[in-house]
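Novice: Those protein sequences? They're chains P and Z, same order as listed.
The first sequence maps to residues 776 to 960 in this note's numbering.
The second sequence maps to residues 133 to 233 in this note's numbering.
Glycine included, each C-beta is placed from N, C-alpha and C at the ideal position.
Below you'll find the structure I mean.
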Amino acid sequence: MEMVIFLIFAALALGSSLVVVAHKNPIYSTMSLVLTLFSVAVLFVMLGAPFVGVLQVLIYTGAIVVLFLFVIMLLNLQAGQRRDGSGMAGQSLQMIVALGGAVLFGLLVALALGRTGLPPVQTLTADMVSLKLLSRQLFTEYLLPFEIVGLLLLVAVIGATVVARRPPQADSTTGYVESTKGSEP
Amino acid sequence: MTVPIHWYLLLAAALFVIGAAGALTRRNGISIFLSIELMLNAANLTLVAYSRLLGVRTGQLVVFFVLAVAAAEAAVGLALFIAVFRQRHTIDVNRINLMRW
């Protein structure tokens, strides 16, 4: 039963991640990323980390992917915006190189796993799944990283606001700087 | 029948490779970002799998921090793309070569 669920969601994750990478339209890529993230969240739950799975669905699909969709629709990208010179030959060459690298990397991982092996799996105890113990560890042992991450998010919010803001433009006659009102394309 | 842990690790490696291939071959900036998110998620899967394997919670805690950093990265990166799009009217990374020379 567990094996069946794993196989279903692993196949879903792999297939939808291929769609993420291969689809021309960024909106379809993003929606397919939702499926990938959801499948990985199910795998998190199967690995005894239900809270991480919930966070994955909430933060990734709830916040980050929605942000992506906002930006895609804001920029109004057309699906076929690929008029550069490399053409079909360059594209397939890139694909071949990427696939070759992928196969080499997979071989490396399989070799490393096969050579050294893995330690025996610990039994899943209630302590591992317990949200109370998890949060206690987060707020005692990992308190400083937690605060630093909070600071990082604050800096990122301020930075994103400053970068994405419409730049103020100087009036050519007076040199007076004021923000433009919606004449931007 | 329980699933052996190294299947999760191999799946994570496969997801990472797919993400890396996408990040290297796509030219749309948004698609590159999506591929990077895919790679981050594969790393998260590895962390949780090892956390389960070794019977410690540290891997799950590191995943929180990875999630937060991914959120910050997405916010700043998308803001950069908005700013670039305003200047250049494209986010094709082959045509954004402001800092190449």
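My output table needs one value for N176/Z: the three-state DSSP class, helix, strand or coil.
Specialist: helix
Novice: Buried or exposed, going by whether 16 or more other CB atoms sit within 10 Å of the CB of A854/P?
Specialist: Note that A854/P scores a pLDDT of 49, beneath 50, so its modelled location is shaky and nothing firm can be said.
Novice: Is it buried or exposed, A901/P, if we count other Cβ atoms within 10 angstroms and call 16 or more buried?
Specialist: exposed
Novice: Measuring straight from C-alpha to C-alpha, what distance separates I847/P and V827/P?
Specialist: 27 Å
Novice: Is the beta carbon of F843/P closer than 8 Å to that of T805/P?
Specialist: yes
Novice: Please confirm whether A200/Z and I839/P have their CB atoms less than 8 Å apart.
Specialist: no
Novice: Select from the segment 810-826 of chain P all residues with a C-beta closer than 8 Å to any C-beta belonging to chain Z, and list them in chain order.
Specialist: T811, L812, V815, L818, F819, M821, L822, G823, A824, F826
Novice: In terms of DSSP beta bridges, what is N160/Z paired with?
Specialist: D224/Z
Novice: Can you give me the start and stop residues for the alpha helix (DSSP H) that Q912/P sits inside?
Specialist: 906-915
Novice: Measuring straight from C-alpha to C-alpha, what distance separates G892/P and V188/Z?
Specialist: 19 Å
Novice: Quick check on the burial criterion: 16 or more other C-beta atoms within 10 angstroms. Buried or exposed for V878/P?
Specialist: By the neighbour-count rule (16 or more Cβ atoms within 10 Å), V878/P is not buried but exposed.
Novice: Step through the CB atoms of chain P and report whether any lies within less than 8 Å of the CB of I137/Z.
Specialist: yes
Novice: If I measure Cβ to Cβ from R158/Z and keep anything under 7 Å in the same chain, skipping five residues before and after, which residues do I get?
Specialist: I164, S167
Novice: Can you tell me where the alpha helix (DSSP H) holding I933/P begins and where it ends?
Specialist: 918-939
Novice: Between which two residues does the alpha helix (DSSP H) harbouring M848/P extend?
Specialist: 840-850
Novice: For my contact list, I137/Z and P801/P are in at a C-beta cut-off of 8 Å; report their separation, rounded to the angstrom.
Specialist: Their Cβ separation, rounded to whole angstroms, is 34 Å, which puts I137/Z and P801/P out of contact at 8 Å.
Novice: For my contact list, G823/P and R184/Z are in at a C-beta cut-off of 8 Å; report their separation, rounded to the angstrom.
Specialist: Confirmed, Cβ separation roughly 5 Å.
Novice: For a cutoff of 8 Å on Cβ pairs, would you count A901/P as touching chain Z?
Specialist: no
Novice: Could you check if M903/P is buried or exposed, using at least 16 other CB atoms within 10 Å of its CB as the buried criterion?
Specialist: When all chains shown are included, M903/P counts as buried.
Novice: Rounding to the nearest angstrom, what Cα-Cα distance links I871/P and Q897/P in this structure?
Specialist: 40 Å
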